[in-house]
Amino acid sequence: TGYTNKMVETTVRFSRLRGLALPTGRAGFRALDSHTAYDIAWSDMLIAVLTPYGSRAGNRAFGSRLYDLLYSVGQVDVSTVSYLVKSAVEQWCPHVKIRTVMVENTSRKAATLRIVFSLTESLDTTETRSIEIPLDYVSA
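Position in the sequence shown counted from 1, then plus 142, gives you our numbering.
Okay, structure coming up:
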């Protein structure tokens, strides 16, 4: 039937998109239709990097220590941030290859994390994404 074919087509299309944020689209939902593999990889990286280490009840080894570093008192060390991001992505997102990690605008109010990455299935193409992490709501 038409519905069954559409379900199979959707399942096949999303079977390539696996990661920490998935399988959201497995049931035939349209939520991920406009998302690229880079969008999915970015979501996966954010989950892995910004989840505090030891905070996930089902898997205490999941996450990274970036949270602890960003919310500690003192200056943020860029090389340590780069190391923590790369190690978390290497462990939890094997489908992603980190090229460069940059920390910009490091003030006590916010830090901008800019990451250049590629997917392991297409290493010749890179994507650059950034996220601003507010730091001012944490009491020092």
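A virtual CB, placed ideally from N, CA and C, is assigned to each residue, including glycine. Here the structure is a predicted model, which means the values were calculated and not measured.
Residue i and residue j closer than 7 Å at C-beta
i: threonine 267; j: valine 258; result: no
i: alanine 230; j: alanine 190; result: yes
i: valine 245; j: valine 227; result: no
i: threonine 222; j: glycine 205; result: no
Start-to-end residues for the beta strand (DSSP E) that takes in residue i
i: aspartate 266; result: 264 to 276
i: serine 260; result: 252 to 261
i: threonine 242; result: 238 to 246
Integer-rounded CB distance, given that residue j should sit under 8 Å from residue i
i: histidine 237; j: leucine 261; result: 6 Å
i: isoleucine 275; j: leucine 212; result: 6 Å
Bounding residues of the alpha helix (DSSP H) (the contiguous stretch that carries residue i)
i: serine 197; result: Run containing serine 197: none; DSSP gives neither H nor E here.
i: threonine 222; result: 220 to 234
For residue i, the residue or residues it bridges with in DSSP
i: serine 126; result: What the structure shows of the chain is the stretch from 143 to 282, and residue 126 is not part of that stretch, so it cannot be assessed.
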